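**Q** Supplied in structure tokens, the structure appears directly below.
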Amino acid sequence: MTPAASSLSERGARSLTPYDLDRVVAIDSAHTRQSRRRFFEKRLAAAEAQPDSFVHIGLMRGGALRGFLLAHVLRGEFGRNDAIGVFDAIGVEPECQERGVGQALIEELVDRMKGKGVRSLHSQANWTNHDLLRYLDTSGFSLSSRMILQRSVAEPLAEAEEEEV
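And the structure:
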């Protein structure tokens with residue numbers, strides 16, 4: 003029996019535990035083609051240390067973990083007073099995709115975030131990850147008015163050429 007099996011929600015969801023690490027890494031690796039074990043170790047440890055700031059959901063089907071979702075809560079960020087939820091990672095076993103696992107995970111996330119006083123969810127996705135973008139669209143996400151900008155710190159800034167008049 004898996005840890006917390008008795009605390010399944012009506013959707014078959016429960017909080018992830020450190021015992022789920024190998025399964026989470028396996029599901030994630032099936033999509034990313036790499037192991038992000040250290041990322042998941044840190045997140046599960048942080049969730050245990052600060053449960054009010056993290057939501058980690060595992061979805062059970064047929065007695066096994068078939069999908070997971072990780073998110074965290076930000077309070078007072080960017081000059082805002084309200085809490086926002088940040089949806090960090092999701093994974094669904096390839097053979098369980100298109101079977102309601104992802105939808106059950108997002109519905110569970112919404113319920114849990116509401117319980118933490120969160121009024122909106124934010125996420126990021128690679129522009130070329132069409133499956134994830136489609137999932138986010140289907141789950142009610144839309145483009146934000148905020149843009150994500152990045153800059154390399156490895157290279158010096160190129161000097162701007164002055165315009166000649």
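In the numbering used here, the protein residues as written are 3 to 167. Glycine is no exception: its CB is placed at the ideal position from the N, C-alpha and C atoms. It should be emphasised that the depicted structure is a prediction, and the values quoted were computed from it without experimental measurement.
Does V26 come out as helix, strand or coil in the three-state DSSP assignment?
**A** Within the sequence shown, numbered from 1, the residue matching residue 26 stands at position 24. If DSSP states are grouped into helix, strand and coil, V26 belongs with the helices.
**Q** Using three-state DSSP, classify A15 as helix, strand or coil.
**A** Here residue 15 refers to the residue found at position 13 when the sequence shown is read from its first residue. Residue state, collapsed to three classes: strand.
**Q** In three-state terms, what does DSSP make of I150?
**A** One-based indexing of the sequence shown puts residue 150 at position 148. Coil.
**Q** Using only alpha-carbon positions, find the residue among A85, Q126, D139 and E109 that is nearest to R16.
**A** In the sequence shown, counting from the first residue as 1, residue 16 sits at position 14. Among A85, Q126, D139 and E109, the Cα nearest to that of R16 is on E109.
**Q** Please report how far the alpha carbon of R25 lies from the alpha carbon of G104, in whole angstroms.
**A** Stepping through the sequence shown from its first residue, residue 25 is reached at position 23. Stepping through the sequence shown from its first residue, residue 104 is reached at position 102. So the alpha carbons of these two residues sit roughly 16 angstroms apart.
**Q** Indicate the three-state DSSP secondary structure (helix, strand or coil) for D90 in the structure shown.
**A** Working through the sequence shown from its first residue, we reach residue 90 at position 88. Looking at D90 - three-state DSSP - the assignment turns out to be strand.
**Q** Which residue comes first and which comes last in the beta strand (DSSP E) that contains G69?
**A** Your numbering for residue 69 matches position 67 in the sequence shown. Run containing G69: A66 to R77, per the beta strand (DSSP E) assignment.
**Q** What residue range is occupied by the uninterrupted beta strand (DSSP E) comprising V155?
**A** Taking the sequence shown and counting its residues from 1, the one referred to as residue 155 is at position 153. Segment: none, V155 is in no beta strand (DSSP E) and carries neither H nor E.
**Q** Across which residues does DSSP place R63 in a beta bridge pair?
**A** To locate residue 63, count along the sequence shown from 1; it is residue 61. Answer is A66.
**Q** For S122, which residues does DSSP report across the bridge?
**A** Position 120 of the sequence shown holds residue 122. S122 is bridged to I86.
**Q** Can you find at least 3 beta carbon pairs, one from the stretch 84 to 91 and one from the stretch 47 to 55, that sit closer than 8 angstroms?
**A** Verdict: no, contact absent.
**Q** Taking the continuous alpha helix (DSSP H) assigned at D133, which residues delimit it?
**A** Taking the first residue of the sequence shown as 1, we reach residue 133 at position 131. Note, D133: alpha helix (DSSP H), H132 to T140.
**Q** Got a sec? Which residues, its chain only, sit under 6 angstroms from G119 by beta carbon, not counting five neighbours each side?
**A** Counting from one through the sequence shown, the residue named residue 119 turns up at place 117. The residues are A85.
**Q** Measure the C-alpha to C-alpha separation of A51 and A160 and round it to an integer number of angstroms.
**A** The residue labelled residue 51 in the question sits at position 49 within the sequence shown. The residue labelled residue 160 in the question sits at position 158 within the sequence shown. C-alpha separation (whole angstroms): 43 angstroms.
**Q** Which one of S125, Q99 and E157 has the shortest CA to CA distance from D148?
**A** Sequence index remark: in the sequence shown, residue 148 carries index 146 (1-based). Note that residue 148 is Arg in the sequence shown here, rather than Asp. Selection S125, Q99 and E157 evaluated against R148 yields S125 as nearest (Cα-Cα).
**Q** What is the rounded straight-line gap between the Cα of N83 and the Cα of A127?
**A** Taking the first residue of the sequence shown as 1, we reach residue 83 at position 81. Taking the first residue of the sequence shown as 1, we reach residue 127 at position 125. Taking the straight line joining both Cα atoms gives about 25 angstroms.
**Q** Just tell me which of L71, A32, G102 and R153 has its CA closest to the CA of T140.
**A** Within the sequence shown, the letter at position 138 stands for residue 140. It is G102.
**Q** Please name the residue or residues paired with F56 in a DSSP beta bridge.
**A** Looking up residue 56 in the sequence shown gives position 54. For F56, which the question treats as bridged, DSSP gives the partners H74.
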